[in-house]
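Okay, structure first, notes after.
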Amino acid sequence: MITRRGFMRFIGGSLLSVASFSAYAVGIEPMLLTHVKRYALTPPHWPDGLKLRVVALADIHACRPWMTPERIASLAEEANALQPDLIVLLGDYIAGMRLASRRVTPPEWAGALSGLKAPLGVLSILGNHDWWADGFAQRAGVGPRIARKALEKVGIPVLENDAVRLEKDGHGVWIAGLADQLALLRKKNTERPRGLDDLDGTLAKISDAAPVILLAHEPDIFPKVPSR
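For the record, in the sequence shown the residue sitting at position 133 is 125 according to our numbering, with numbers rising by one throughout.
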């Protein structure tokens, strides 16, 4: 669990936003070193008595020889050993890089991730590479047909502009997930990819005053997140 962009956070009111906490890096012995970065947060208006341990994994970029199914399964075991209440996956399961010698198929990396276990479950969002690697989704502007199906097939829900309400110790907490902000490539490489995220629509699904944890692959959205 090696930080790439860090575990970015924006806290306002009772809204806690979570960005990528990386499980992958290309560097010295990435196969051998696992680093766990811990954060202890108490957002304003967080309910008294609600303690929630969340393990977040992102940017796995499954490929050989760097991030094999065996390595991913090992990371899943290490994540479980942290005894989280909830596990969130923050996107970029597909490699999207040229340093890989052989690809890892979606059924392989999803199968490895299926070993993740937590009392409140495992929830996920998608990253830009999960979209960019899906030719059909790029042409149709909808999907993706690859990464999402692979995750859902092993029982891991994917949140794209959606939210679910969980219960812990008598308290409610919402987990909201945005669709990717760089999902669709433009015809001109000089243009910024088009996002499919809908922050307002996602937060509109929050039906009570329970705290919210917002999952987003890119941290660019955080300055726009309201304070509830």
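Think of the CB as a built atom: it goes at the ideal place given N, C-alpha and C, for glycine as much as any other residue. If you're wondering where the values come from, they're calculated on a predicted model, not measured in any experiment.
Check your understanding: Can you tell me the Cα-Cα spacing of A48 and V204, whole angstroms?
Key -> Along the sequence shown, one-based indexing puts residue 48 at 56. Along the sequence shown, one-based indexing puts residue 204 at 212. Straight-line Cα distance between these residues: approximately 15 Å.
**Study point:** Backbone secondary structure at I213 - three-state DSSP
**Key:** The residue labelled residue 213 in the question sits at position 221 within the sequence shown. In this structure, I213 counts as helix in the three-state DSSP scheme.
Check your understanding: Between K216, D126, V156 and G169, which lies nearest to L112 when the distance is taken from Cα to Cα?
Key -> Taking the sequence shown and counting its residues from 1, the one referred to as residue 112 is at position 120. The closest CA to that of L112, considering only K216, D126, V156 and G169, is found on V156.
Review point. Which residue comes first and which comes last in the alpha helix (DSSP H) that contains H27?
Key: Stepping through the sequence shown from its first residue, residue 27 is reached at position 35. No alpha helix (DSSP H) contains H27, which DSSP labels as neither H nor E.
Review point. If we count the other Cβ atoms within 10 Å of its Cβ and call it buried at 16 or more, is L33 buried or exposed?
Key: Taking the sequence shown and counting its residues from 1, one reaches residue 33 at position 41. Exposed, because fewer than 16 other Cβ atoms sit within 10 Å of the Cβ of L33.
Check your understanding: In terms of alpha-carbon separation, which member of W124, A202, K29 and A129 lies closest to E70?
Key -> Taking the first residue of the sequence shown as position 1, residue 70 is located at position 78. For E70, the nearest C-alpha among the options comes from K29.
Exercise for review: Can you have a look at D142 and say buried or exposed, based on whether 16 or more other CB atoms are within 10 angstroms of its CB?
Suggested key: Locating residue 142 in the sequence shown gives position 150, counting from the first residue. Residue identity check: residue 142 is Ala in the sequence provided, not Asp. Buried.
**Study point:** Delimiting residues of the beta strand (DSSP E) encompassing G169
**Key:** One-based indexing of the sequence shown puts residue 169 at position 177. Its beta strand (DSSP E) spans residues H163 to G169.
Point to revise | Contact belief for D189 with L170 at Cβ below 8 Å, rounded distance in angstroms | key: By one-based count along the sequence shown, residue 189 stands at place 197. By one-based count along the sequence shown, residue 170 stands at place 178. Between L170 and D189 the Cβ distance is about 4 Å, and since that is below 8 Å, they are a contact.
Review point. Going by beta carbon distance, what residues of the same chain come within less than 6 Å of N120, once the five residues before and after it are set aside?
Key: Taking the first residue of the sequence shown as 1, we reach residue 120 at position 128. Only D172 and L174 meet the Cβ criterion.
Point to revise | Distance CB(H209)-CB(L82) smaller than 7 Å | key: As a position in the sequence shown, residue 209 is number 217, starting the count at 1. As a position in the sequence shown, residue 82 is number 90, starting the count at 1. Yes. Within cutoff.
Exercise for review: Mind reading off the beta-carbon distance from L207 to I148? Whole number of angstroms is fine, and I expect it under 8 Å.
Suggested key: Locating residue 207 in the sequence shown gives position 215, counting from the first residue. Locating residue 148 in the sequence shown gives position 156, counting from the first residue. L207 to I148, Cβ: 13 Å. No contact.
Practice item. Specify the secondary structure class of A201 as computed by DSSP and reduced to three states. Key: For this step, residue 201 is matched to residue 209 along the sequence shown. Looking at A201 - three-state DSSP - the assignment turns out to be coil, as it is neither helix nor strand.
Check your understanding: Of all the beta strand (DSSP E) runs that stay within the bounds of the stretch 59 to 99, which reach a length of 3 or more residues?
Key -> Qualifying beta strand (DSSP E) stretches, in chain order: 78 to 81.
Exercise for review: For my contact list, A54 and Y85 are in at a C-beta cut-off of 8 Å; report their separation, rounded to the angstrom.
Suggested key: If you number the sequence shown from 1, residue 54 lands on position 62. If you number the sequence shown from 1, residue 85 lands on position 93. With a Cβ gap of about 6 Å, A54 and Y85 count as contacting.
Review point. What did DSSP end up calling A32 once you bin it into helix, strand or coil?
Key: Start at 1 with the first residue of the sequence shown, and residue 32 comes out as number 40. Three-state DSSP puts A32 in coil, outside helix and strand.
**Study point:** Residue interval of the alpha helix (DSSP H) (run including R131)
**Key:** To locate residue 131, count along the sequence shown from 1; it is residue 139. Note, R131: alpha helix (DSSP H), G127 to A132.
Check your understanding: Can you tell me the Cα-Cα spacing of D40 and D200, whole angstroms?
Key -> For this step, residue 40 is matched to residue 48 along the sequence shown. For this step, residue 200 is matched to residue 208 along the sequence shown. Taking the straight line joining both Cα atoms gives about 17 Å.
Exercise for review: Reducing DSSP to helix, strand and coil, say where D154 ends up.
Suggested key: Working through the sequence shown from its first residue, we reach residue 154 at position 162. In this structure, D154 counts as strand in the three-state DSSP scheme.
Exercise for review: Assign K141 to one of three DSSP states: helix, strand, or coil.
Suggested key: For the purposes of this step, residue 141 is taken as residue 149 along the sequence shown, with counting starting at 1. Correct three-state label for K141: helix.
Review point. Contact check, I52 vs W123 under 8 Å by CB: the rounded distance?
Key: Within the sequence shown, numbered from 1, the residue matching residue 52 stands at position 60. Within the sequence shown, numbered from 1, the residue matching residue 123 stands at position 131. In this structure I52 is not in contact with W123, their Cβ atoms being roughly 15 Å apart against a cut-off of 8 Å.
Review point. Which word fits P218, buried or exposed, when buried means at least 16 other C-beta atoms lie within 10 angstroms of its C-beta?
Key: Numbered from 1 along the sequence shown, position 226 holds the residue referred to as residue 218. Exposed: under 16 other Cβ atoms inside 10 Å.
Review point. V114 to V146, Cα distance in whole Å?
Key: Here residue 114 refers to the residue found at position 122 of the sequence shown. Here residue 146 refers to the residue found at position 154 of the sequence shown. So the two alpha carbons sit approximately 11 Å from each other.
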